[in-house]
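In what follows, a structure is listed as structure tokens, so that the remarks can point back to it.
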Amino acid sequence: MQDIFKQIPLYRFLMYCQETEMPRRILDCGAGGDMPPLSLFRSYGYTTYGIDADPKQCEIAGDYAKQRGLELNIRQGDMRRLEFADDSMGFVYSYNTIFHMRKKDVEQALKEMKRVLMPGGLMFVNFLTTNDFRCGQGPHLGNHEYEQFDDDLPVIHSYYDPQEPDSLFAGMEILYKEDRVLERIYEGEKIRQGFVDYIVKMPN
Numbered sequence: 000m001q002d003i004f005k006q007i008p009l010y011r012f013l014m015y016c017q018e019t020e021m022p023r024r025i026l027d028c029g030a031g032g033d034m035p036p037l038s039l040f041r042s043y044g045y046t047t048y049g050i051d052a053d054p055k056q057c058e059i060a061g062d063y064a065k066q067r068g069l070e071l072n073i074r075q076g077d078m079r080r081l082e083f084a085d086d087s088m089g090f091v092y093s094y095n096t097i098f099h100m101r102k103k104d105v106e107q108a109l110k111e112m113k114r115v116l117m118p119g120g121l122m123f124v125n126f127l128t129t130n131d132f133r134c135g136q137g138p139h140l141g142n143h144e145y146e147q148f149d150d151d152l153p154v155i156h157s158y159y160d161p162q163e164p165d166s167l168f169a170g171m172e173i174l175y176k177e178d179r180v181l182e183r184i185y186e187g188e189k190i191r192q193g194f195v196d197y198i199v200k201m202p203n
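Take the sequence shown: its letter number 191 is residue 190 in numbering that gives the first Met the number 0, and every next letter is one higher.
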């Protein structure tokens, strides 16, 4: 039975990928975890590559792949310095990951993702927005950047005004953009989360 992934927006990106005539090579920047979404793309015949800054998360993803006989090619890496050749990927994405660094580092990571993307290729990236309930919490590092705790560990969270990331995709075609505000119950409390999603195309 095929796993169903909780990262619902990735199914939309998969739809766009399926409709795009590009080599089926895809890179996930932030690919670790106990249910790596790259396996979704692998099930549709994509050759997959992934990096994650945390070696433990890479190990967990590797165990998942091994148990299912999959070659996902996930290894430790830094999205600000991708160890892949120019124009080597038809598709690149970073879901719920890129905003865990300072905005200047986000810009560098996006430059690297663009570098490895083939002409005509697609990229999917999402950002936290200032509509999120955690925006403003924790030590302020400047420019809506905060040090906050995830699983008892300090993690940088950078928040964007919903229009702010547009300029990061200058020269690319924005195929899809969604400013999402989610209200849900988490650990018995009502919370509000803010995201903005982009699917963009590299010019030919």
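Note that the Cβ used here is the ideal one computed from N, Cα and C, for glycine as well.
Can you tell me which of the options puts its alpha carbon nearest to the alpha carbon of residue i?
i    : options                : result
I7   : D85, P36, T46, Q107    : P36
L181 : G68, T128, Y63, S42    : T128
C134 : N203, H156, F126       : H156
K176 : P164, N95, G187        : P164
R114 : V124, G141, E82, D160  : E82
F126 : K103, P161, K110, L116 : P161
F123 : F4, D2, K5, F12        : F12
L9   : P54, G120, N95         : N95
Q17  : D33, M34, S42          : S42
D86  : G119, F132, D196       : G119
K103 : G141, G137, M117       : G141
Report buried or exposed for residue i, applying the criterion of at least 16 other Cβ atoms within 10 angstroms of its Cβ.
i    : result
L152 : exposed
D27  : buried
S166 : exposed
K200 : buried
A108 : buried
I50  : buried
E111 : buried
Residue i: beta carbon under 7 Å from a heavy atom of the ligand HEM?
i   : result
E20 : Here there are no bound small molecules, and the ligand HEM is not part of this structure.
So, are the CB atoms of residue i and residue j less than 8 Å apart?
i    : j    : result
R74  : E144 : no
A30  : A60  : yes
G76  : I25  : no
D131 : Q192 : yes
May I have the straight-line CA-CA distance separating residue i from residue j, to the nearest angstrom?
i    : j    : result
A169 : I198 : 13 Å
N80  : M21  : Contrary to the premise, residue 80 reads as Arg rather than Asn in this sequence. C-alpha separation (whole angstroms): 24 Å.
H139 : F148 : 13 Å
P202 : L174 : 12 Å
Y185 : M14  : 29 Å
A64  : E70  : 7 Å
G44  : Q1   : 14 Å
M171 : F4   : 28 Å
E146 : Y159 : 15 Å
E188 : Y48  : 37 Å
T19  : L121 : 8 Å
D62  : V195 : 31 Å
A84  : F40  : 21 Å
M117 : R23  : 11 Å
What is the C-beta distance between residue i and residue j, in whole angstroms, given that I count them as a contact (C-beta under 8 Å)?
i    : j    : result
V105 : I97  : 6 Å
S38  : R67  : 7 Å
R183 : I190 : 6 Å
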